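Numbering (the numbering used here), first residue to last: 30 to 281.
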Amino acid sequence: MRPFSLDGRIALVTGASRGLGAAMAVGLAEAGADVVVHGNSRSPDETCRAVEAAGRRAFPVTADLGDPAASRDLVDRAVAAAGRLDVLVNNAGIIRRGPTQEFSDEDWQAVLEVDLNSVFRLSRAMGRHLLSAGRPGKIVNVASLLSFQGGINVAAYAAAKGGVAQLTKALANEWAAKRINVNAIAPGYIRTDNTAALQADTERYQQILGRIPAGRWGDPEDLKGAAVFLSSSASDFVHGHVLVVDGGWMGR
Numbered sequence: 030m031r032p033f034s035l036d037g038r039i040a041l042v043t044g045a046s047r048g049l050g051a052a053m054a055v056g057l058a059e060a061g062a063d064v065v066v067h068g069n070s071r072s073p074d075e076t077c078r079a080v081e082a083a084g085r086r087a088f089p090v091t092a093d094l095g096d097p098a099a100s101r102d103l104v105d106r107a108v109a110a111a112g113r114l115d116v117l118v119n120n121a122g123i124i125r126r127g128p129t130q131e132f133s134d135e136d137w138q139a140v141l142e143v144d145l146n147s148v149f150r151l152s153r154a155m156g157r158h159l160l161s162a163g164r165p166g167k168i169v170n171v172a173s174l175l176s177f178q179g180g181i182n183v184a185a186y187a188a189a190k191g192g193v194a195q196l197t198k199a200l201a202n203e204w205a206a207k208r209i210n211v212n213a214i215a216p217g218y219i220r221t222d223n224t225a226a227l228q229a230d231t232e233r234y235q236q237i238l239g240r241i242p243a244g245r246w247g248d249p250e251d252l253k254g255a256a257v258f259l260s261s262s263a264s265d266f267v268h269g270h271v272l273v274v275d276g277g278w279m280g281r
């Protein structure tokens, strides 16, 4: 038995056209999984090619997770494409920055819809799929350091990611005895589109870098190992955990 092997498993990774989602999708493929690769507003074809280059099957799907109907239907679409699902990685997310006194209702709702509401709907659908089939499975949510901290000018994002951490624990409590593991990864400061504004602010970039014990910002590939662990049988007795991957930031 190889506890970290994903041979024969099928995963859906949301927000996988680039960044963290693309890296995790490829990491799961390298561990043996076939991958349903979701893109929100951008084609996931590049990630699909990388999955296929790892020797696995890729199934591209697109859906705007800002639309409640899209998040309700995505698991069914993935099952129709691939035959079944064993792993769901809820990675898709957006961020909108601004002082709270100037933050609009529209921006608040947009962030909560993608970053929290779609995670709930997709997890609910995945739970139904696994429970109806009587099979074990894995749900891996993507939380954030802002599941623990408040951040600056990101009230909606912090609220959503705090919710993701609590939803992870709540679903784990319900489904652990059904052999469905629900856990989360909380990335630190990673070089992605979502952190482009911070990377462009020289002063803030250096402040952040100075607090990271590892001495560098993270790269999307740094999440591959955590994603494989939480998607594999190596984590069968891990439930409701939020795994921080942050270069040591939270321990400082």
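Glycine included, C-beta positions come from ideal geometry on N, C-alpha and C.
Every value quoted in this text rests on a predicted model; they were computed, and no experiment measured them.
Item                                                                                                                                                              : Value
Using the beta-carbon count (16 or more within 10 Å), is Pro32 buried or exposed?                                                                                 : exposed
Which term fits Gly37, buried or exposed, when burial requires 16 or more other beta carbons within 10 angstroms of its beta carbon?                              : exposed
List the endpoints of the continuous alpha helix (DSSP H) containing Phe258.                                                                                      : 253-260
Buried or exposed: where does Thr221 fall if 16 or more other Cβ atoms within 10 Å of its Cβ makes it buried?                                                     : buried
Look up His158 in the DSSP assignment and say whether it is helix, strand or coil.                                                                                : helix
Are Leu103 and Leu151 touching if we call contact CB-CB under 8 Å?                                                                                                : yes
If we count the other Cβ atoms within 10 Å of its Cβ and call it buried at 16 or more, is Glu142 buried or exposed?                                               : buried
Considering only residues of the same chain and omitting the five flanking positions on each side of Ala54, which have a CB-CB separation below 7 Å?              : Val42, Ala45, Val64, Val66, Thr76, Val80
For Met279, count the other beta carbons within 10 Å of its own beta carbon; 16 or more makes it buried, fewer makes it exposed. Which is it?                     : exposed
Going by other Cβ atoms of all chains shown within 10 Å of its Cβ, with 16 needed for buried, is Gly50 buried or exposed?                                         : buried
Count the other CB atoms, across all protein chains shown, that sit within 10 Å of the CB of Ala109; report buried if there are 16 or more and exposed otherwise. : exposed
Whose C-beta lies closer than 7 Å to the C-beta of Ala194 among residues of the same chain, with five residues either side of it excluded?                        : Ala172, Ser176, Ala213, Val271
Go through its chain and collect everything with a Cβ distance to Gly247's Cβ below 8 Å, but skip five positions before and after it.                             : Pro216, Gly217, Tyr218, Ile219, Arg220, Val274, Asp275, Gly276
Please report how far the alpha carbon of Leu57 lies from the alpha carbon of Ile39, in whole angstroms.                                                          : 9 Å
Ignoring anything shorter than 3 residues, give me the beta strand (DSSP E) runs that lie fully in the segment 32-83, in order along the chain.                   : 39-42, 63-68
Measuring CA to CA, which of Lys253, Gln138, Asp105, Gly254 is closest to Ala184?                                                                                 : Gln138
Between Asp123 and Ala92, what straight-line distance do the alpha-carbon atoms span, to the nearest angstrom?                                                    : Reading the sequence as shown, one finds Ile at residue 123 and not Asp. Answer to the nearest angstrom: the Cα atoms are 14 Å apart.
Let's see if you can read the secondary structure: which residues bound the beta strand (DSSP E) around Gly166?                                                   : 166-171
For the alpha helix (DSSP H) containing Val183, list its first residue and its last residue.                                                                      : Element bounds for Val183: n/a, residue is neither H nor E.
Any idea if Asp265 is buried or exposed, counting beta-carbon neighbours within 10 angstroms, 16 or more meaning buried?                                          : exposed
Can you look up Asn120 in the DSSP assignment and give me helix, strand or coil?                                                                                  : coil
I need the DSSP call for Ile237, collapsed to helix, strand or coil.                                                                                              : helix
Mind checking Ile168: buried by the 16 CB within 10 Å criterion, or exposed?                                                                                      : buried
Pull up the DSSP beta-bridge partners for Pro89, would you.                                                                                                       : Val66
Would the beta-carbon of Lys207 fall within 8 Å of that of Leu252?                                                                                                : no
Name the DSSP beta bridge partners of Pro216, please?                                                                                                             : Val274
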